[in-house]
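*Asks:* Everything in the sequence shown is counted per our numbering, starting at 10 for the first residue and increasing by one.
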Amino acid sequence: MSTDRGRLIVVSGPSGVGKSTVVAALHERHPFFFSVSVTTRRRRPGEVDGVDYRFVTPETFDR
């Protein structure tokens, strides 16, 4: 069994404070995996399903 331990980093804040900018800068310097949130809202211009969010219907979300 591996003794390596991962590190969880949570970036949180209200809309417009630069969370995506911080995550992008961290990812450039230290490639890592990150979770993609699921949402039932409509996709905004420029957003990519599976990259920015995973867009699903309310019915799918409730399963």
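The C-beta atom is built at its ideal place from N, Cα and C for all residues, glycine as well. Values in this document were obtained by computation on a predicted structure and should not be read as measured data.
1. I think V57 touches F43, with their Cβ atoms under 8 Å apart; what is that distance to the nearest whole Å?
2. The alpha helix (DSSP H) spanning E37 covers which residue range?
3. Check the DSSP bridge columns for V47 and list the partner residues they point to.
4. Distance check for P67 and L35, CA to CA, integer angstroms please.
*Replies:* So, from the data block:
1. Looking up residue 57 in the sequence shown gives position 48. Looking up residue 43 in the sequence shown gives position 34. The pair is not a contact, with the Cβ atoms about 14 Å apart (cut-off 8 Å).
2. Mapped onto the sequence shown, residue 37 falls at position 28. Per DSSP, E37 belongs to the alpha helix (DSSP H) from 28 to 38.
3. The residue you call residue 47 lines up with position 38 of the sequence shown. Beta-bridge pairing links V47 to R63.
4. In the sequence shown, residue 35 corresponds to position 26, counting from 1. In the sequence shown, residue 67 corresponds to position 58, counting from 1. Cα to Cα, the separation comes out at about 32 Å.
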